[in-house]
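Taking it in order: structure first as C-alpha cells, then the write-up.
Residue numbers (my numbering), protein chains in the order written: chain Z, 1 to 181; chain Y, 1001 to 1124.
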C-alpha cells in the first residue's frame, strides 16, 4: 500500500454545547502521513463506535424511531465493515492501528459514560444529536480527505459506496432530531 | 347489497391477501437475464429504486436487484405487504403481484427510499 499524497490528520477535540458534554470530533490539517491501512483502521473503528452507540440506544431507549434508527446503524455499519474486512483479506492486508483510531475510541468511551447517565427524552435527544454530528463529521472526512487520499482503487470504491450509505444515515438522523424538538 | 357486489368484494379481498413472495437468494442476477415480458426489474442503486414508478399487470413478476452494499426492504406504505431484508451486493428478490391498484412502498430500513407499483388487471 502506498502512502497518502495529501497529508491529513484527524484531531479530536471535546466540545461543550448547551451545558452538556458532547464529544464532537473535529478535523485539522497537519503534516502527519496516513497510508491506506491507517485510513482503513480509522474507518473501521468509526463504524464499530457507531455500532456500540446503537447497542446503547437499544438498551436504553423506548422510542420506536430511535430504536429503528439504531437497528439500521447496526445492520448497515456491520455490512460495510464486513465488506471492508473481505477486501482486506483479498488484498492480504492488515489495518494499522494509529493514534487517531485510539483517540476516536477514547472519546467514544467518554461519550458513552455521559450517555448512560441519562434516560427517557434526554437520552434520546443526546443520542440523536450525536448521531447527526458524528455522521456529519465522518462524511466530511471520508469525502474530502480519505477518498482523495486512498491509493487502492477497490478501497476507494468501497469508501464511495460507504459514503453514500452514511449520507443517508445523516439525513435520517436529521429528521429524527427534528421530531425530537 | 347485491350478491354480485358481495362476490366482487370477496374476490378483491382474496387478491389483497394472496400476494405471493418468492425468495431468490442467488447472487449475481442481472436485469438483462430477464427476457419474459411479464417480468419487471427494479434496481436499487445509491439508495434509489429505479424505476421509481412501475406499471405492471396482476400476475406479473417484479424483481428487485440490490446493488447497494447494505440490505434493503420493499414494504408497502400501508404495510399490506413486505419484502423482507433482501441482502446486498446484487442479491435479488422477486414478487408475483396478485393485488391490483396503486401500491406505494418504501425501504423500512431507509425510509427516504420510496417507490410505487401500479398493478392493473391483465387483459384477457
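For each residue, glycine too, the CB sits at the ideal point set by N, CA and C.
Collapsed DSSP secondary structure at residue i in the structure displayed
i                      : result
residue 1072 (chain Y) : coil
residue 34 (chain Z)   : coil
residue 1066 (chain Y) : strand
residue 1034 (chain Y) : Because residue 1034 (chain Y) carries a pLDDT of 35, less than 50, the predicted location of this residue cannot be relied on, and no value is offered for it.
residue 25 (chain Z)   : For residue 25 (chain Z), the pLDDT reaches just 49, beneath the cut-off of 50, and the residue's location in the model is therefore unreliable, although a value from the coordinates is still provided. Reduced to three states, the DSSP call for residue 25 (chain Z) is strand.
residue 89 (chain Z)   : helix
residue 1094 (chain Y) : strand
residue 57 (chain Z)   : helix
residue 1056 (chain Y) : strand
residue 62 (chain Z)   : coil
residue 148 (chain Z)  : helix
Bridge-paired residues (DSSP) for residue i
i                      : result
residue 1104 (chain Y) : Y:1116
residue 97 (chain Z)   : According to DSSP, which records beta bridges pairwise, residue 97 (chain Z) is partnered with nothing at all.
residue 1049 (chain Y) : Y:1044
residue 1082 (chain Y) : Y:1075
residue 1061 (chain Y) : Y:1039 and Y:1096
Endpoints, beta strand (DSSP E) assigned at residue i
i                     : result
residue 131 (chain Z) : Premise fails: residue 131 (chain Z) lies in the alpha helix (DSSP H), 120–141, not in any beta strand (DSSP E).
Boundaries of the alpha helix (DSSP H) in which residue i is found, first to last residue
i                      : result
residue 1040 (chain Y) : From DSSP, residue 1040 (chain Y) is part of no alpha helix (DSSP H) but of the beta strand (DSSP E) over 1039–1045.
residue 225 (chain Z)  : Summary: the structure shown does not reach residue 225 (chain Z), with chain Z confined to residues 1 through 181, and so no result is reported for it.
Within chain Z, partners of residue i - CB distance below 8 Å
i                      : result
residue 1074 (chain Y) : Result: empty, since nearest Cβ-Cβ is about 16 Å, beyond 8 Å.
Contacts that residue i makes with chain Z (C-beta to C-beta distance below 7 Å)
i                      : result
residue 1071 (chain Y) : 75 and 79
Cross-chain neighbours of residue i in chain Z, by beta carbon under 9 Å
i                      : result
residue 1088 (chain Y) : 79 and 83
residue 1049 (chain Y) : By Cβ distance, chain Z contributes nothing, its closest Cβ being about 13 Å from residue 1049 (chain Y), past 9 Å.
residue 1109 (chain Y) : 68, 71, 72, 75 and 76
residue 1112 (chain Y) : 168, 171, 172 and 175
Contacts that residue i makes with chain Y (C-beta to C-beta distance below 8 Å)
i                     : result
residue 165 (chain Z) : 1047, 1068, 1069 and 1070
residue 162 (chain Z) : 1069
Residues that residue i contacts on chain Y, provided the C-beta gap is smaller than 7 Å
i                     : result
residue 128 (chain Z) : The premise fails here: residue 128 (chain Z) is roughly 15 Å from chain Y at the closest Cβ pair, so nothing lies under 7 Å.
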